[in-house]
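**Q** In case it helps, mature numbering (1 follows the signal peptide of the UniProt record, and there is no 0) puts the sequence shown at residues -20 to -1, 1 to 291. Glycine residues also receive a C-beta, built at the ideal position from the N, C-alpha and C atoms. On a predicted model such as this, the values are computed, not experimentally measured, just so you know.
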Amino acid sequence: MNLNKTLIAIAIAFTFNAHAYDNYSLFSDGIDQNLVTANLSRLVKLTKGDEVKSAYVYDDNGRITQRDYTDSTFDYTYNSDGTIKSARALMKRNPNSFIKHTKENFISEYIYDSEGKVIREDKKVFNDLDTNFEGVPKATYQIMYLYNNTGQLTTRDQVLQNGELGVNLKVNYTYYDNGRLKDIQEIKASLESHKNTLLLKYYENGEIKQATQTIFGSGTKTFDIEYVTDLSMIYGVYYVDPLKEWKVDMDFFGLAFHPIKKLTETAGDVITSYDYTYQNDDSDFLADTLSLKVVSKHYKFNNEYKMTNQP
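As structure tokens, this is what we get:
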């Protein structure tokens, strides 16, 4: 069966079965969860010609345990209830990698309350040249997660425990009346005037329609997102970062459920568009080939990728 549809390049949802959805991530989504469908297929790797751009490893429960990219590798462990126990990222320092999935080498461990909400993260950050996490961390943090009386995450408070070059950071979250995340504000404790923000707007179904990112000293970018409207194309892909972290520079794709058809990035007078088209050659919901077309004021290119899936 040949279906011409569009693909979200990175990820959509992470859940190993329909009943475990509530605990699949540290951070919730704005999407109507009733629209989520179970899909047992898994993406194993994404290749461009002979080069493997990304590869994915899963445990016996179908949960992702490793995401391996050209620039970095992420590993995850889980508690018995399916919540994230630990996450770590290690950079490869690949000069040919266009996308940077992490800015630091780190190991994080998570502690939860009786309701399954994460309340503390213990994070170790290592030197950028570290290759095995065996050295002494250059900084360690304790990150507290604070909630309002309705259970919404309102603050992440990152406090340096050890290290001279670390940064105390506070991230505040506000919400629309319907409960969807509205605004993320990131503040350095030593420079409260240096604020980074992300403002989100949504379609009626809960997908992100527009994201406006303002980075102190770097100006503002706006991201407009269009999705495939075919309801049968709502599917759960399992290779996303299971943390799905809410941060100012977060991966917008990681919060989507419909395949993204087009993303338009506007920064001043520079507009860059990303168009995703894929071909599905079988009866599952995962693409077998992906075409990416990028057009900007300064450049344009087309890339073709092959997707290898497991049932």
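(1) Identify every run of the beta strand (DSSP E) within the region 106 to 144, keeping only runs that are complete inside it and at least 3 residues long; order them along the chain.
(2) Would you mind giving the Cβ-Cβ distance between Leu26 and Tyr285, rounded to the nearest angstrom? I have them listed as a contact below 8 Å.
(3) Based on Cα-Cα distance, which residue from Arg136, Ile44 and Gln122 lies nearest to Asn128?
(4) Specify whether the region 49 to 63 and the region 86 to 106 touch according to this definition: at least 3 beta carbon pairs, one from each stretch, less than 8 Å apart.
(5) Determine which residues share a DSSP beta bridge with Lys181 and list them.
(6) Thinking Arg68 and Asp51 are a contact (beta carbons under 8 Å), I'd like their distance in whole angstroms, please.
(7) Helix or strand or just coil, what does DSSP make of Phe196?
(8) Roughly how many angstroms separate the alpha carbons of Lys104 and Asp261, rounded to a whole number?
(9) If you compare alpha carbons, which of Asp249, Leu178, Tyr156 and Ser173 is closest to Gln165?
(10) Kindly indicate which residue of Val275, Ala191 and Thr257 has the alpha-carbon position closest to the one of Thr202.
(11) For Phe232, which three-state DSSP category applies?
(12) Kindly indicate which residue of Phe86, Lys80 and His81 has the alpha-carbon position closest to the one of Ser66.
(13) Return the Cβ separation of Tyr121 and Gln141 in integer angstroms, given the expectation that the two are a contact with Cβ distance under 8 Å.
(14) For Ile44, which beta-bridge partners are listed by DSSP?
(15) Give every residue of the same chain whose Cβ lies closer than 7 Å to the Cβ of Phe196, excluding the five residues on either side of it in the sequence, and list them in chain order.
(16) Evaluate Gln290 with the Cβ neighbour count: other Cβ atoms within 10 Å of its Cβ, from every protein chain shown; 16 or more gives buried, anything less gives exposed.
(17) Asp261 by DSSP, collapsed to three states: which one?
(18) How is residue 293 classed by DSSP in three states: helix, strand or coil?
(19) Look up Leu243 in the DSSP assignment and say whether it is helix, strand or coil.
(20) Out of Ile205, Asp231, Lys280 and Asn41, state which residue places its alpha-carbon closest to the alpha-carbon of Thr244.
(21) Would you kindly report the start and end of the unbroken beta strand (DSSP E) that includes Glu284?
(22) Does Val208 come out as helix, strand or coil in the three-state DSSP assignment?
(23) Quick check: what's the CA-CA separation for residue 292 versus Asp157?
(24) Would you say Asp102 and Ser88 are within 8 Å of each other, going by their C-beta atoms?
**A** So, to answer that:
(1) You should have 119 to 127 and 133 to 142.
(2) As a working note, residue 26 is residue 46 in the sequence shown. As a working note, residue 285 is residue 305 in the sequence shown. With 8 Å as the limit, Leu26 and Tyr285 qualify as a contact, their Cβ atoms being about 5 Å apart.
(3) Taking the sequence shown and counting its residues from 1, one reaches residue 128 at position 148. Answer by Cα proximity: Arg136.
(4) With a cut-off of 8 Å, the region 86 to 106 and the region 49 to 63 count as touching, because enough Cβ pairs lie within range.
(5) Within the sequence shown, residue 181 is the residue found at index 201, counting from 1. Paired residue(s): Gln190.
(6) Locating residue 68 in the sequence shown gives position 88, counting from the first residue. Locating residue 51 in the sequence shown gives position 71, counting from the first residue. Beta-carbon to beta-carbon, Arg68 and Asp51 are separated by about 15 Å, too far to satisfy the 8 Å threshold.
(7) Within the sequence shown, numbered from 1, the residue matching residue 196 stands at position 216. Under the three-state reduction of DSSP, Phe196 is assigned to coil, being neither helix nor strand.
(8) Here residue 104 refers to the residue found at position 124 when the sequence shown is read from its first residue. Here residue 261 refers to the residue found at position 281 when the sequence shown is read from its first residue. Taking the Cα positions, Lys104 is about 44 Å away from Asp261.
(9) Here residue 165 corresponds to residue number 185 of the sequence shown, with the count starting at 1. Its Cα nearest to that of Gln165, the residue Leu178 stands out among Asp249, Leu178, Tyr156 and Ser173.
(10) Within the sequence shown, numbered from 1, the residue matching residue 202 stands at position 222. Distances from the CA of Thr202 to each of Val275, Ala191 and Thr257 were compared; the closest alpha carbon is that of Ala191.
(11) The residue labelled residue 232 in the question sits at position 252 within the sequence shown. If DSSP states are grouped into helix, strand and coil, Phe232 belongs with the helices.
(12) Start at 1 with the first residue of the sequence shown, and residue 66 comes out as number 86. It is Phe86 whose Cα lies nearest to the Cα of Ser66.
(13) Numbered from its first residue, the sequence shown carries residue 121 at position 141. Numbered from its first residue, the sequence shown carries residue 141 at position 161. In this structure Tyr121 touches Gln141 by the C-beta definition: roughly 6 Å separates them, less than 8 Å.
(14) Taking the first residue of the sequence shown as 1, we reach residue 44 at position 64. Beta-bridge annotation (DSSP): Ile44 is paired with Tyr38.
(15) By one-based count along the sequence shown, residue 196 stands at place 216. For Phe196, where only same-chain residues beyond five positions count, the Cβ hits under 7 Å are His174, Lys175 and Asn176.
(16) Reading the sequence shown from its first residue, position 310 is the one you call residue 290. Gln290 sits exposed, since fewer than 16 C-beta atoms from the chains shown fall within 10 Å of its C-beta.
(17) Counting from one through the sequence shown, the residue named residue 261 turns up at place 281. The answer is coil: DSSP assigns Asp261 none of H, G, I, E or B.
(18) For the chain, the structure presents residues -20 to 291; residue 293 sits outside this window and is missing.
(19) One-based indexing of the sequence shown puts residue 243 at position 263. In the structure shown, the three-state DSSP call for Leu243 is strand.
(20) In the sequence shown, residue 244 corresponds to position 264, counting from 1. Among Ile205, Asp231, Lys280 and Asn41, the Cα nearest to that of Thr244 is on Ile205.
(21) The residue labelled residue 284 in the question sits at position 304 within the sequence shown. It spans Lys280 to Gln290 - the beta strand (DSSP E) in which Glu284 sits, taken as one unbroken run.
(22) Indexing the sequence shown from 1 puts residue 208 at position 228. Val208 falls in the coil class under three-state DSSP.
(23) The first residue shown for the chain is -20 and the last is 291, placing residue 292 beyond what the model contains.
(24) To locate residue 102, count along the sequence shown from 1; it is residue 122. To locate residue 88, count along the sequence shown from 1; it is residue 108. Yes.
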